[in-house]
Structures are given as C-alpha cells and as structure tokens.
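Residue 2 in UniProt numbering sits at position 2 of the sequence shown; the count goes up by one each step and never skips. Backbone N, C-alpha and C fix where the C-beta goes; we use that ideal spot for every residue, glycine too. Structure, as structure tokens:
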Amino acid sequence: MTEYLDTPAGRRIAYRFRDGQGPGIVFLGGFRSDMTGTKAEWLDDRARKQGRAFLRFDYSGHGASAGRFEDGCIGDWLADAHAVIQAVTQGPQVLVGSSMGGWIAILLARAMPDRIAGLVTVAAAPDFTEQGFWAGFDDKQRQALMATGRVALPSDYGDEPYVISRRLIEDGRDHLVMDRPLTLLCPVRMFQGTADRDVPVDWALRLLDHATGPDIRLTLVKDADHRFSTPECLQLIGQGVDDVVA
Numbered sequence: 001m002t003e004y005l006d007t008p009a010g011r012r013i014a015y016r017f018r019d020g021q022g023p024g025i026v027f028l029g030g031f032r033s034d035m036t037g038t039k040a041e042w043l044d045d046r047a048r049k050q051g052r053a054f055l056r057f058d059y060s061g062h063g064a065s066a067g068r069f070e071d072g073c074i075g076d077w078l079a080d081a082h083a084v085i086q087a088v089t090q091g092p093q094v095l096v097g098s099s100m101g102g103w104i105a106i107l108l109a110r111a112m113p114d115r116i117a118g119l120v121t122v123a124a125a126p127d128f129t130e131q132g133f134w135a136g137f138d139d140k141q142r143q144a145l146m147a148t149g150r151v152a153l154p155s156d157y158g159d160e161p162y163v164i165s166r167r168l169i170e171d172g173r174d175h176l177v178m179d180r181p182l183t184l185l186c187p188v189r190m191f192q193g194t195a196d197r198d199v200p201v202d203w204a205l206r207l208l209d210h211a212t213g214p215d216i217r218l219t220l221v222k223d224a225d226h227r228f229s230t231p232e233c234l235q236l237i238g239q240g241v242d243d244v245v246a
C-alpha cells in the first residue's frame with residue numbers, strides 16, 4: 001500500500017514499506033524512474049519471502065510523489081531519501097541503488113554511516129550530471145542552459161523529451177563524489193553490464209579504483225544492458241544483498 005510522508009523540506013513523498021527483520025533493504029531508484037520498476041518489485045517480493053523489512057519510494061517529481069521533475073536536483077532527492085529512511089525505518093539498512101540511486105546511496109553512506117549496513121549498486125552513476133550531461137553538451141546546448149535555465153533532451157526509451165535544468169547541473173557540482181576521497185566502510189557490491197549505453201563500464205571501473213574500504217567488489221556482466229533486469233541479473237542483485245547482509 002502506498003503511503004505518503006511530508007518531509008521537513010515540505011515535499012510530499014510516496015513510499016511503500018514492508019515491516020520485517022533487519023537489516024532492512026532500501027531501494028533507491030534511478031533518474032526519471034519510480035518505485036514500481038522491475039528491480040524494485042522483484043526485491044520487494046524477495047524481501048517478503050525472507051521476512052525482511054523493505055522500503056521503496058519515489059523522489060519528488062518522480063512517480064506518485066508530488067512536484068515537477070524538472071524542478072528537482074540531486075540535493076533535493078538526497079534529502080527526500082534521507083527523510084524517508086529516518087522517518088520509516090529503524091536500525092541498519094542495506095541500500096540498493098540503481099543508476100542515479102547508486103550516487104544517492106553513496107551520498108547517504110557518507111551522511112549517515114551509522115545507519116548503513118551495506119551498499120549494492122547497479123550501474124551506479126555518481127556525478128552523472130557533470131560527467132554525463134554537462135560533458136556531453138555541445139556549445140549551443142551549454143549556452144542555452146545558462147541563458148534560459150533549461151535544455152530539452154530526447155529520451156532513449158520512447159518517452160517525451162525531458163528537461164535538464166541549470167539548477168540540476170549546478171547542484172550536482174555540490175554533491176560530486178569522484179573529485180574527493182571516498183571511503184566506504186560498509187561492504188559494497190557493485191554490478192555493471194558491459195552493454196550499458198547509459199553508464200559506461202569505465203565509470204564502474206573508475207569508481208572501484210577511486211573508492212577505498214575493506215570490502216568493495218565489482219561484478220561485470222557481459223552483454224547486460226542498463227536495465228539489468230533479466231532473471232539472471234536480478235538473481236545477482238539478490239545474491240549481492242545476501243552477501244552484504246551476511
């Protein structure tokens with residue numbers, strides 16, 4: 001059942017929580033995705049069968065949560081995640097972050113290390129506003145973004161074009177993780193498909209090289225795409241969760 005939380009920042013966030021044993025699992029979705037995607041549904045069902053607590057939610061401007069997508073930024077979505085985790089869950093949590101959710105998970109691990117029992121990332125995209133969008137814009141797009149505050153990009157998934165805001169880019173620079181030391185003391189399991197057209201394999205390799213910690217592992221899956229939602233890929237994610245829980 002979908003419930004709603006009014007955050008300290010005044011945003012209304014939709015979430016679904018299943019009570020159970022700890023450590024709980026928190027699913028952090030990707031850019032322009034929602035909590036009803038294949039990975040979220042599969043992980044929720046798996047947690048139900050294990051009797052484990054599970055939380056999934058929509059960032060503001062995503063899915064069933066209030067707000068406009070183009071008004072949001074990494075800082076807002078990080079605050080949404082922090083507020084829901086603090087309000088709804090208890091004790092240590094394993095964060096499962098998909099794409100942008102991997103970036104959010106890393107930021108949460110840095111902000112609330114005492115609450116994080118482990119990280120599992122799928123096609124993690126830290127700093128994608130800078131190393132993805134801004135680096136990929138041509139001069140005309142950069143000029144339009146700075147002059148008008150927005151630029152529209154075509155979707156690779158058949159949707160309407162989506163807007164990238166100047167606020168998203170500038171706020172992203174305040175939350176970069178690849179330009180400073182990154183220590184992750186909890187166990188970390190990262191998964192990356194070699195056929196991912198949205199997050200290059202090089203990003204995963206650079207993140208592995210950049211992060212320091214006692215137990216960080218990266219698994220590359222040949223020919224897996226960005227969705228990483230085949231039965232085999234889902235099983236890998238589940239094994240990663242079990243690994244960090246253990």
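DSSP lists no beta-bridge partner residue for Q143.
Distance check between R206 and each of R197, L218, V241 and G61 places L218 closest, using alpha-carbon atoms only. Looking at the DSSP output, I164 bridges to V151. When the beta-carbon positions are compared, T2 and R16 come within less than 8 Å of each other. Comparing alpha-carbon positions, the option among A83, S65, A64 and S60 lying closest to G72 turns out to be S60. Here T183 is exposed. Its C-beta has fewer than 16 other C-beta atoms within 10 Å. Secondary structure note for L107: its alpha helix (DSSP H) is the uninterrupted segment M100 to A111. Restricting attention to beta strand (DSSP E) runs no shorter than 3 residues, the region 9-34 encloses them at 12-18 and 21-28, ordered along the chain.
When the beta-carbon positions are compared, L5 and G24 stay at least 8 Å from each other. With contacts defined as CB atoms closer than 8 Å, A87 and L28 fail to qualify as a contacting pair.
Assignment of D6 by DSSP, reduced to helix, strand and coil, places it in the strand class.
From the listed residues R32, R18, Q90 and G22, the smallest Cα separation to D159 is found for R32. Residue pairing for M190: DSSP places it in a beta bridge opposite T121 and L218. DSSP places F133 within a helical segment (H, G or I) once states are collapsed to three. Assigned with DSSP and collapsed to three states, L234 falls in helix. Where R46 is concerned, the enclosing alpha helix (DSSP H) starts and stops at T38 to Q50.
If you check the CB distance, P126 and G102 come in under 8 Å. Inclusion of G238 and P187 in the CB contact set at 8 Å is not warranted, their separation being larger than that value. The continuous alpha helix (DSSP H) containing L207 extends over residues V201 to H210.
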